[in-house]
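Student:
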Amino acid sequence: MKRRDFIKGAGAGAVAAGAALAAPVVNAKAQYKWKMVTTWPKNFPGMGVGANHLAKLIEEMSDGRIEVKVFGAGELVPAFEIFDAVSRGTAEMGHGAAYYWKGKSEAAQFFAAVPFGMTAQEMNAWLYHGGGMALWEEVYKPFGLIPTAAINTGVQMGGWFNKEIRSLEDLKGLKMRIPGLGGEVLQRLGGTPVNLPGGEIYQALQSGNIDAVEWVGPYNDLAFGLHKAAKFYYYPGWHEPGTVLECFINEKAFKALPKALQTIVLTACKAANMDGLSDFTARNNEALHTLVTKHKVQLKKFPDDVLRQLKTTSDAVVAEIAAKDPLSKKVYESFTRFRDQVVAWHDVSERAFLNARAGA
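The opening residue of the sequence shown carries number 1182 in this note's numbering; numbering runs sequentially from there.
1. Could you tell me if Ser1348 is buried or exposed, where buried requires 16 or more neighbouring beta carbons within 10 angstroms of its beta carbon?
2. Among residues of its own chain, excluding the 5 on either side of Leu1352, which ones have a beta-carbon nearer than 8 Å to its beta-carbon?
3. Closer than 8 Å is the cut-off here; do at least three beta carbon pairs connect the region 1211 to 1231 with the region 1259 to 1274?
4. Of the choices Asn1376, Met1217, Pro1422 and His1527, whose alpha-carbon is the least far from that of Gln1337?
5. Would you be able to state if there are at least three C-beta pairs under 8 Å between the region 1387 to 1403 and the region 1241 to 1254?
6. Alpha carbon to alpha carbon, how far is Tyr1513 from Phe1291? Give it in angstroms, no decimals.
7. Threshold first: 4 residues or longer. Then list the alpha helix (DSSP H) segments lying entirely within the region 1384 to 1411, N to C.
8. Given that a residue counts as buried once 16 or more other Cβ atoms are within 10 Å of its Cβ, and exposed if not, what is Tyr1383?
9. Run through DSSP, which three-state label would His1276 get?
10. Around the Cβ of Asn1390, are there at least 16 other Cβ atoms within 10 angstroms (buried) or fewer (exposed)?
11. Mapping the DSSP letters down to three states, classify Leu1426 as helix, strand or coil.
12. Grouping DSSP H, G and I as helix and E and B as strand, with all else coil, what is Ile1382?
13. Does the region 1422 to 1432 touch the region 1496 to 1514, meaning 3 or more C-beta pairs lie closer than 8 Å?
14. Considering only residues of the same chain and omitting the five flanking positions on each side of Pro1378, which have a CB-CB separation below 7 Å?
15. Using only the alpha-carbon positions, how far apart do Thr1334 and Ala1278 sit?
16. Determine the contact status of Pro1399 and Leu1469, defining contact as a CB-CB distance below 7 Å.
17. Which first and last residues belong to the beta strand (DSSP E) in which Leu1349 is found?
18. By DSSP, does Asp1528 sit in helix, in strand, or in coil?
19. Could you give the residue range of the alpha helix (DSSP H) that holds Gly1231?
20. Could you compute how far the alpha carbon of Met1357 sits from the alpha carbon of Gly1270?
21. Give a yes or no on contact between the region 1226 to 1237 and the region 1317 to 1336, applying the rule of three or more CB pairs nearer than 8 Å.
22. Taking the alpha carbon of Phe1342 as the reference point, which residue from Leu1407, Asp1506 and Glu1240 has its own alpha carbon closest?
23. State the Cα-Cα distance for the pair Ala1537 and Glu1256, rounded to the nearest angstrom.
24. Quick check on Gly1340: does DSSP put it in helix, strand or coil?
25. List the residues that DSSP assigns as beta-bridge partners of Gln1479.
26. Nearest by alpha-carbon distance to Gly1325: which of Asp1506, Gly1354, Lys1285 and Ala1306 is it?
27. Which residue wins for smallest C-alpha separation from Phe1461, given the options Ser1268, Phe1405 and Pro1226?
28. Would you kindly report the start and end of the unbroken alpha helix (DSSP H) that includes Phe1261?
29. List the residues that DSSP assigns as beta-bridge partners of Thr1329.
30. Leaving aside the five residues before and after Asn1401 along the sequence, list all residues of the same chain whose C-beta is less than 7 Å from its C-beta, in chain order.
31. If you follow the alpha helix (DSSP H) that Val1473 is part of, which residue opens it and which one closes it?
32. Just the C-alpha distance for Lys1433 and Ala1410, rounded to the nearest angstrom, thanks.
33. Can you name the residues that DSSP bridges to Lys1214?
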């Protein structure tokens, strides 16, 4: 009897085990639905498309475990309120530029663009291998945010002007949309910097509310139609030689992710950073050709004496910003030390090669 009971019990167990094996597998992996707010118009070439690309990368690399919905400027919150929105958890991610947040921290500006500072290649080197990222994280830590580099525009253009710039006198009284440290320099030289989100600059320039505007470069400027509002297009972009556009993440939301998904988010940002720079590099020359040949834009270089004074003033302004608080000084010292080192190397590598290629 005991033997029969044992066999019956074993049979029942086998049936139960078979049923368990045959049962459909339930995916117990958690899914995360995130929102990304941006300072850019929805789907705008370059930055807006770059935000969309980053969201898609995160979704695909996480196999759908993280879904990211992108909101353009003004759709969920106004353009310049995304920092606070992500800080308080209204959205999990923000896509913008660190110099917009100088009212939160003067040191933030160093992680977007410094006049006569570093190129895209040099900025990436400082951030990823020169201690820059650790400092950036320190600056954003009090706000509950984790910063990442998400696009680099490369060297920008100097801007659109409704009159020629022949001397420093032409900068005096000039009302120009120019953010960050570049705006501080313009103000020091007698101009009036105006901080406007991208979606408002064309109308402001066309209406005459401002006299000049810098946005990015030919690729983006052509898309915005800025050539319809001003015809003098100046170079080089002394104020933004390698502008980092950022994606910052709510720290609590980030830490709620499994370690593997955290790595995916950060890796996707790195990939988007390189892809963005490649996109701008590939498209700017063709767009510039269109602006000059089709739309008859007058391409002009800033006079050498104007550039020299802009650099002298820039150095003074940046040093003064650094002296305002200990954290800004700490970032400034790291930035300038790395810049001096990389310039010495590029003098015998990048610059020497470019000169040789040009036959100089």
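Ideal placement from N, C-alpha and C gives every residue a C-beta, glycine not left out. Remember, predicted model here, so these are calculated numbers, not experimental data.
Tutor: On the basis of the data shown:
1. Looking up residue 1348 in the sequence shown gives position 167. Exposed is the call here.
2. Along the sequence shown, one-based indexing puts residue 1352 at 171. Only Ile1346, Leu1367, Leu1370, Gly1371, Gly1372 and Val1487 meet the Cβ criterion.
3. yes
4. What you label residue 1337 is simply residue 156 of the sequence shown in a count that begins at 1. Of the listed residues, the one whose Cα sits closest to Gln1337 is Pro1422.
5. no
6. Counted from its first residue, the sequence shown places residue 1291 at position 110. Counted from its first residue, the sequence shown places residue 1513 at position 332. For Phe1291 and Tyr1513, the distance between alpha carbons rounds to 7 Å.
7. 1399 to 1405
8. Along the sequence shown, read from residue 1 onward, the residue named residue 1383 stands at position 202. Buried.
9. Translated into the one-based positions of the sequence shown, residue 1276 becomes position 95. In this structure, His1276 counts as strand in the three-state DSSP scheme.
10. Your numbering for residue 1390 matches position 209 in the sequence shown. The residue in question, Asn1390, is exposed, as its Cβ has fewer than 16 Cβ neighbours within 10 Å.
11. Taking the sequence shown and counting its residues from 1, the one referred to as residue 1426 is at position 245. Leu1426: strand per DSSP, three-state reduction.
12. Translated into positions along the sequence shown, residue 1382 becomes position 201. Ile1382 falls in the helix class under three-state DSSP.
13. no
14. On the sequence shown, residue 1378 is found 197 positions in, with the first residue counted as 1. The answer, listed in chain order, is Thr1220, Ala1254, Ala1260 and Phe1261.
15. Start at 1 with the first residue of the sequence shown, and residue 1334 comes out as number 153. Start at 1 with the first residue of the sequence shown, and residue 1278 comes out as number 97. Approximately 11 Å, taken between the alpha carbons.
16. As a working mapping, residue 1399 is identified with position 218 in the sequence shown. As a working mapping, residue 1469 is identified with position 288 in the sequence shown. In this structure, Leu1469 lies closer than 7 Å to Pro1399 by Cβ.
17. Here residue 1349 refers to the residue found at position 168 of the sequence shown. Unbroken run through Leu1349: none, as it is neither H nor E.
18. In the sequence shown, residue 1528 corresponds to position 347, counting from 1. The answer is helix: DSSP assigns Asp1528 an H, G or I state.
19. Counting from one through the sequence shown, the residue named residue 1231 turns up at place 50. Gly1231 -> alpha helix (DSSP H) spans Met1228 to Met1242.
20. Against the sequence shown, residue 1357 aligns to sequence position 176. Against the sequence shown, residue 1270 aligns to sequence position 89. Taking the straight line joining both Cα atoms gives about 34 Å.
21. yes
22. The residue you call residue 1342 lines up with position 161 of the sequence shown. For Phe1342, the nearest C-alpha among the options comes from Leu1407.
23. Reading the sequence shown from its first residue, position 356 is the one you call residue 1537. Reading the sequence shown from its first residue, position 75 is the one you call residue 1256. Each residue's Cα considered, the two are about 50 Å apart.
24. Locating residue 1340 in the sequence shown gives position 159, where the first residue counts as 1. It is a strand residue.
25. Looking up residue 1479 in the sequence shown gives position 298. For Gln1479, which the question treats as bridged, DSSP gives the partners Phe1413.
26. Position 144 of the sequence shown, counted from the start, is the residue given in the question as residue 1325. Residue Lys1285 is the option with its Cα nearest to Gly1325.
27. Residue numbering aside, residue 1461 sits at position 280 when the sequence shown is read from its first letter. Measuring from the Cα of Phe1461, the nearest candidate turns out to be Pro1226.
28. The count along the sequence shown starts at 1 and reaches residue 1261 at position 80. First-last for Phe1261: undefined, no H or E at that position.
29. Within the sequence shown, residue 1329 is the residue found at index 148, counting from 1. Cys1428, per the DSSP bridge assignment.
30. Your numbering for residue 1401 matches position 220 in the sequence shown. Cβ neighbours of Asn1401 beyond the five flanking positions: Pro1226 and Gly1227.
31. Taking the sequence shown and counting its residues from 1, the one referred to as residue 1473 is at position 292. Residues Lys1440 to Thr1474.
32. As a working note, residue 1433 is residue 252 in the sequence shown. As a working note, residue 1410 is residue 229 in the sequence shown. Approximately 44 Å between the Cα atoms of the pair.
33. What you label residue 1214 is simply residue 33 of the sequence shown in a count that begins at 1. Looking at the DSSP assignment, Lys1214 forms a beta bridge with Glu1248.
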